[in-house]
Amino acid sequence: MKKLLLITSFLLTGSLSYAQQVRPASSARIYHEISQLKHLTNVLYFAAHPDDENTRLLAYLVNDKHLRTAYLSLTRGDGGQNIIGSEQGAALGLIRTHELLEARKLDGAEQFFTRAIDFGFSKNYTETFKHWNDDQLTADAVWVIRKYRPDVIICRFPPNEMAGHGQHAASAIIAEKAFKAAGNASQYSDQLSTYAVWQPKRILQNTYRFGDRNTTAEDQFKIPVGQYEPLLGMGVGELAGISRSIHKSQGAGTPSTPGIQTEYFKTVGGDEPKKSLFDGIDITWGRVGRKEIGDEIKDILKDYDFKHPEESLPALIALRKQIETVKDEYWRTEKLEELDNVIVHCAGIMAELYTQQQESVAGNTLPFTLKIVARAETPVKITGIKWLTKDTTTNIVLSDDSLITLQTNITVPSNTLPTEPYWLKDAPQDAGHYTISNKDDKGYPEAPNYLNAIITLKIGDNTMSLRVPLSYKKLDPTRGDVVEALRIVPNVTLSFTSNLLIPEVDGSLNTSVHIHSFANISNATLNIAGSNLSKSIGGVKLSKDQDTLINIKFTSAEMKATGPNDIELNVSLTADGKTYNKTQHLIQYEHIPTLQYFTPAKAKVLHNNWKVTAKRIGYIEGAGDNVVSVLRQAGLQVDVLKDADINEEKLKKYDAILTGIRAVNVEKKMEYWMPTLLKYVKNGGTLVMQYNTLQDLSTKNIGPYPFTLSSLRVTEEDAKIAVTNPTSKLMTYPNKIDESDFSGWVQERGLYYPNKWDDHYQTLYKMNDTGEEVLSSATLYTPYGKGNYVYTSLSFFRQLPAGNKGAIRLLMNMLSVGK
57 MKKLLLITSF LLTGSLSYAQ QVRPASSARI YHEISQLKHL TNVLYFAAHP DDENTRLLAY
117 LVNDKHLRTA YLSLTRGDGG QNIIGSEQGA ALGLIRTHEL LEARKLDGAE QFFTRAIDFG
177 FSKNYTETFK HWNDDQLTAD AVWVIRKYRP DVIICRFPPN EMAGHGQHAA SAIIAEKAFK
237 AAGNASQYSD QLSTYAVWQP KRILQNTYRF GDRNTTAEDQ FKIPVGQYEP LLGMGVGELA
297 GISRSIHKSQ GAGTPSTPGI QTEYFKTVGG DEPKKSLFDG IDITWGRVGR KEIGDEIKDI
357 LKDYDFKHPE ESLPALIALR KQIETVKDEY WRTEKLEELD NVIVHCAGIM AELYTQQQES
417 VAGNTLPFTL KIVARAETPV KITGIKWLTK DTTTNIVLSD DSLITLQTNI TVPSNTLPTE
477 PYWLKDAPQD AGHYTISNKD DKGYPEAPNY LNAIITLKIG DNTMSLRVPL SYKKLDPTRG
537 DVVEALRIVP NVTLSFTSNL LIPEVDGSLN TSVHIHSFAN ISNATLNIAG SNLSKSIGGV
597 KLSKDQDTLI NIKFTSAEMK ATGPNDIELN VSLTADGKTY NKTQHLIQYE HIPTLQYFTP
657 AKAKVLHNNW KVTAKRIGYI EGAGDNVVSV LRQAGLQVDV LKDADINEEK LKKYDAILTG
717 IRAVNVEKKM EYWMPTLLKY VKNGGTLVMQ YNTLQDLSTK NIGPYPFTLS SLRVTEEDAK
777 IAVTNPTSKL MTYPNKIDES DFSGWVQERG LYYPNKWDDH YQTLYKMNDT GEEVLSSATL
837 YTPYGKGNYV YTSLSFFRQL PAGNKGAIRL LMNMLSVGK
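Under our numbering, read the sequence shown as residues 57 to 875, first letter to last.
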């Protein structure tokens with residue numbers, strides 16, 4: 057923990073974070089920032105997902121070479137696994153986006169994305185490009201290149217099967233296309249009104265050894281990386297381990313490795329480097345004809361006093377005047393921004409603007425506290441403050457290390473939109489691409505926070521603006537100060553109590569709508585509408601910051617009128633001429649900020665076409681899934697089991713025990729529970745185990761007879777299914793299963809299939825991805841003693857929340873096999 061705090065203090069202040077308050081920097085950090093001013097070059101690393109990047113190389117380029125370096129991830133990791141919770145899809149992508157941003161705060165690199173949606177594991181780029189429009193994603197990559205202007209692009213993967221993942225290979229293909237197109241004015245010419253063409257000097261692949269894949273060769277260009285960095289107090293390999301370990305949702309904990317390691321590079325396009333990544337590139341101020349500026353920066357570094365960084369302020373302010381005269385607009389803008397950051401840090405400025413309210417609607421007025429302090433003998437004055445909707449002229453002197461506190465009321469502009477990720481504001485373009493409606497947001501990890509106070513400072517004879525975001529601050533008894541962005545919310549959010557609704561046995565539908573109001577509303581109308589189904593309730597009264605639950609019932613006759621197909625129910629509330637139809641979602645983990653997003657307020661109504669004879673289920677939690685909520689909606693009693701419940705006597709009351717996904721990976725007590733669970737089976741119970749991965753199994757003895765897990769999977773969600781054991785009880789009771797039950801699946805069939813199993817196990821069906829071997833072990837079933845054991849790699853954790861009735865029928869058979 058001490059090492060993490062040390063590195064955070066060095067790097068945090070220099071990273072991109074739109075909700076971050078102004079914090080002082082260490083002397084070591086300031087020295088690094090001044091060193092970066094010397095270099096006029098950018099490097100862009102290019103891959104497919106969060107955690108694909110070579111963090112060691114990024115940390116080296118930023119912290120050893122003092123170069124601006126960014127990572128362009130095609131996706132936000134939406135299709136990955138999640139070992140810390142039940143979030144999937146876009147919600148998981150949001151988590152992984154912010155894990156990546158937290159990692160960037162540590163290693164110091166910047167971050168970009170395209171609009172690509174991670175649709176899950178893909179075995180080759182041909183399959184990937186069935187989901188992705190390569191021209192559209194190439195355009196996104198060209199946009200980032202023209203904006204960021206890298207001299208060198210570095211790909212993580214090769215464009216072939218050695219990449220190990222179709223999306224990995226696709227990232228290399230797109231990177232090379234973008235490299236060739238970015239400097240061509242005839243390609244993606246619609247971008248030229250915003251950014252000029254830019255031709256990087258070279259594109260390389262950062263080759264690697266991973267498992268049985270080796271893309272390195274001794275004749276490739278090499279760089280020794282991992283040097284000890286006195287400014288960091290560790291080597292960049294150690295820093296890289298800390299940074300990569302932030303990807304907690306992926307279980308990506310990585311050792312902090314000291315010592316030199318060699319990085320290899322294969323030239324993909326442009327001139328091959330011989331001595332440096334930047335051969336043939338002037339990365340000094342000479343590239344803009346201002347060598348004297350570089351000389352001045354060297355003098356500032358030579359005279360830098362680590363105990364008194366404020367003594368560099370006169371030279372830095374003089375340097376600013378020189379840079380203001382640089383003709384090259386791009387480098388003038390970039391370096392002035394970097395230099396202003398250095399000046400603020402040398403002045404030791406801390407500023408925060410906070411309220412004690414987490415959320416606000418547009419138009420509200422909130423009390424805020426501004427705290428600001430400077431720690432420098434150089435005079436610092438506040439000459440003005442713009443509080444969003446009002447300006448104040450001041451003449452406040454910030455005396456050395458004397459805290460200034462100001463209280464004010466700030467009105468959130470009435471046109472402020474709710475806080476949400478820009479790529480989730482609109483429905484996706486399709487299954488492979490998000491909709492980006494505002495081109496100014498394109499490529500960025502998140503939209504800029506426009507809720508800032510702008511403080512005009514005079515430092516010496518230099519006037520500059522300081523943006524301080526409007527934040528919420530609280531004191532947590534275990535974490536200390538917690539500061540997050542003020543969240544803007546609509547006046548009303550609402551949702552069904554479940555996003556899957558199942559009619560009663562008599563055909564009627566009973567549900568409830570949960571409403572949260574952020575304002576007092578005296579007369580509203582609740583509207584529910586679906587195919588041939590509607591209901592309105594008037595006279596709804598809502599109190600500010602209160603929750604309201606309204607029960608809704610549709611009779612069996614009303615439900616029958618909707619027909620035999622599943623339907624979608626939409627709910628909205630109308631008040632004062634405005635309609636509210638969004639559900640608020642909050643994601644809260646300590647390693648990332650609280651995240652808010654919205655979805656349409658709706659639910660899917662499933663007309664029951666399954667039978668189940670099991671009634672009471674015991675559930676052992678795994679890494680997190682939403683299977684339990686679907687089973688409860690279907691009328692089963694599901695009890696979540698704890699350590700005290702796993703004993704022979706208490707398990708007798710359950711018709712079946714179901715384990716959550718990766719339970720054997722994340723629940724270390726499974727090693728001790730498995731013998732009891734297998735005895736439960738032997739005495740007449742049913743145990744159904746969902747998939748586990750190969751890594752960190754608490755025990756390998758997870759069945760009554762041996763079987764071995766592998767990384768085999770079927771990623772094509774529509775892969776053809778052939779039933780091979782149609783008379784098995786799992787295929788006939790209580791539901792007759794056939795190939796039609798595998799239609800309409802999402803993302804994949806299953807994952808981590810066994811590759812070896814004892815002859816006692818029955819297999820039920822076979823399937824395969826296009827051109828791949830046929831797999832028959834998606835489900836292993838065996839009677840054992842008086843009971844039944846089932847191990848299934850089918851992705852029920854995706855299918856049930858999606859409302860796939862075939863998957864529900866399959867799981868009901870598994871749970872009912874002993875009843």
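Glycine is no exception: its CB is placed at the ideal position from the N, C-alpha and C atoms.
This one's a predicted model, so the numbers in the text were calculated from it and none came from an experiment.
Worksheet item: To which residues does DSSP link residue 333 through a beta bridge?
Response: Residue 333 is bridged by DSSP to nothing; it lacks a bridge partner.
Worksheet entry | Residue range of the unbroken alpha helix (DSSP H) whose run includes residue 235 | Taken as a continuous stretch (DSSP letters only), the alpha helix (DSSP H) holding residue 235 covers 222-237.
Item to complete: Look at the Cβ atom of residue 124, then the Cβ atom of residue 92, and state whether they are nearer than 8 angstroms.
Response: In contact: residue 124 and residue 92 (Cβ atoms closer than 8 angstroms).
Worksheet item: Between the C-alpha atoms of residue 554 and residue 659, what's the straight-line distance to the nearest angstrom?
Response: Distance between the alpha carbons of residue 554 and residue 659: 7 angstroms.
Worksheet item: So, residue 225 versus residue 235, is the Cβ gap smaller than 8 angstroms?
Response: Cβ distance not < 8 angstroms, so residue 225 and residue 235 don't count as in contact.
Practice prompt. Rounded to whole angstroms, what's the CA-CA distance from residue 155 to residue 304? Just pull it up for me.
Written response: Each residue's alpha carbon lies about 8 angstroms from the other.
Practice prompt. Check the DSSP bridge columns for residue 300 and list the partner residues they point to.
Written response: Answer by DSSP bridge pairing: none, since residue 300 is not bridged.
Worksheet item: Would you call the stretch 632-641 and the stretch 536-554 in contact, with 3 or more CB pairs under 8 angstroms?
Response: Judged by Cβ distances under 8 angstroms, the stretch 632-641 makes contact with the stretch 536-554, as three or more pairs qualify.
Practice prompt. Out of 530, 87 and 78, state which residue places its alpha-carbon closest to the alpha-carbon of residue 359.
Written response: Of the candidates 530, 87 and 78, the one whose C-alpha sits nearest the C-alpha of residue 359 is 87.
Worksheet item: Tell me which same chain residues have a C-beta within less than 6 angstroms of the C-beta of residue 83, skipping the five on either side of it?
Response: The residues 362 and 365, in chain order, have a CB closer than 6 angstroms to that of residue 83 in the same chain once the five nearest residues on each side in sequence are set aside.
Discussion item. Whole angstroms are fine: how far does the CA of residue 644 sit from the CA of residue 528?
Written reply: Near 15 angstroms, if we compare the C-alpha coordinates of residue 644 and residue 528.
Worksheet item: In the stretch 358-437, which residue ranges form an unbroken beta strand (DSSP E) of at least 3 residues, counting only runs that do not cross its ends?
Response: Counting only runs of 3 or more residues that sit fully inside the stretch 358-437, the beta strand (DSSP E) segments are 406-411 and 421-429, in chain order.
Practice prompt. Over the uninterrupted alpha helix (DSSP H) stretch that includes residue 568, give me the two end residues.
Written response: Not the alpha helix (DSSP H): residue 568 falls in the beta strand (DSSP E), residues 565-573.
Discussion item. Could you tell me the alpha carbon to alpha carbon distance between residue 628 and residue 185, rounded to whole angstroms?
Written reply: The straight-line gap from Cα to Cα measures roughly 38 angstroms.
Worksheet item: DSSP beta-bridge partners for residue 779?
Response: Among the bridge pairs identified by DSSP, residue 779 is matched with 821.
Worksheet item: On the three-state DSSP scale, how would you describe residue 493?
Response: In this structure, residue 493 counts as coil in the three-state DSSP scheme.
Discussion item. If you reduce the DSSP assignment to three classes, tell me which class residue 77 lands in.
Written reply: In this structure, residue 77 counts as coil in the three-state DSSP scheme.
Worksheet item: Are the CB atoms of residue 257 and residue 318 nearer to each other than 8 angstroms?
Response: Their beta carbons are not under 8 angstroms apart, which means residue 257 does not touch residue 318 by this criterion.
Worksheet item: In whole angstroms, what is the alpha-carbon distance linking residue 834 and residue 807?
Response: Rounded to whole angstroms, residue 834 and residue 807 show a C-alpha spacing of 8 angstroms.
Worksheet entry | Paired residues, beta bridge with residue 284 - DSSP | Answer is 291.
Fill in: Under the three-state DSSP convention, the category residue 813 falls into
Secondary structure of residue 813 (DSSP, three-state): strand.
Item to complete: Can you tell me which of the three DSSP states residue 545 falls into?
Response: Looking at residue 545 - three-state DSSP - the assignment turns out to be coil, as it is neither helix nor strand.
Worksheet item: Do you know whose CA, among 652, 435 and 426, lies nearest residue 403's CA?
Response: Selected option, being the one with the closest Cα: 435.
Fill in: Meets three-Cβ-pair contact criterion under 8 angstroms: the stretch 240-248 and the stretch 257-266
In short, these stretches do not touch, since the Cβ pair count stays below three.
Practice prompt. Going by CA-CA distance only, name the one from 718, 755 and 817 that's closest to residue 846.
Written response: When each option's Cα is compared against that of residue 846, the closest is 817.
Practice prompt. Could you tell me which of 717, 727 and 683 sits nearest to residue 749, measuring between CA atoms?
Written response: Of the listed residues, the one whose Cα sits closest to residue 749 is 717.
Practice prompt. Let me know the beta strand (DSSP E) ranges lying completely inside the stretch 100-153, each 3 residues or longer, listed in chain order.
Written response: Inside the stretch 100-153, DSSP marks whole beta strand (DSSP E) runs of 3 or more residues at positions 124-129, from first to last along the chain.
Discussion item. Residue 777 and residue 489 - do their beta-carbons sit closer together than 8 angstroms?
Written reply: No.
Discussion item. Using a 10 Å radius around the Cβ and a threshold of 16 neighbouring Cβ atoms, would you call residue 60 buried or exposed?
Written reply: Per-residue confidence for residue 60 stands at a pLDDT of 38, beneath the threshold of 50, marking its modelled position as unreliable; no derived number is given.
Fill in: Buried/exposed call for residue 860, threshold 16 Cβ in 10 Å
Classification for residue 860: buried.
Discussion item. Considering only DSSP beta bridges, list what residue 840 is partnered with.
Written reply: Residue pairing by DSSP puts residue 840 in a beta bridge opposite 843.
Worksheet item: In chain order, which continuous runs of the beta strand (DSSP E) of length 3 or greater are located wholly inside the stretch 724-800?
Response: Those beta strand (DSSP E) runs which fall completely within the stretch 724-800 and span 3+ residues are 742-745, 763-770 and 777-779.
Worksheet item: For residue 370, is the classification buried or exposed, using 16 other Cβ atoms within 10 angstroms of its Cβ as the cut-off for buried?
Response: Residue 370 comes out exposed.
Worksheet item: Considering residue 218, what are the terminal residues of the beta strand (DSSP E) in which it resides?
Response: Taken as a continuous stretch (DSSP letters only), residue 218 belongs to no beta strand (DSSP E), as it is neither H nor E.
Worksheet item: Which whole runs of the beta strand (DSSP E) in the stretch 439-473 are 3 residues long or more, in chain order?
Response: Under the rule that a run must span 3 or more residues, the beta strand (DSSP E) segments found entirely inside the stretch 439-473 read 447-453 and 460-467.
Worksheet entry | DSSP three-state assignment for residue 669, whether helix, strand or coil | DSSP places residue 669 in the coil class of the three-state scheme, outside both helix and strand.
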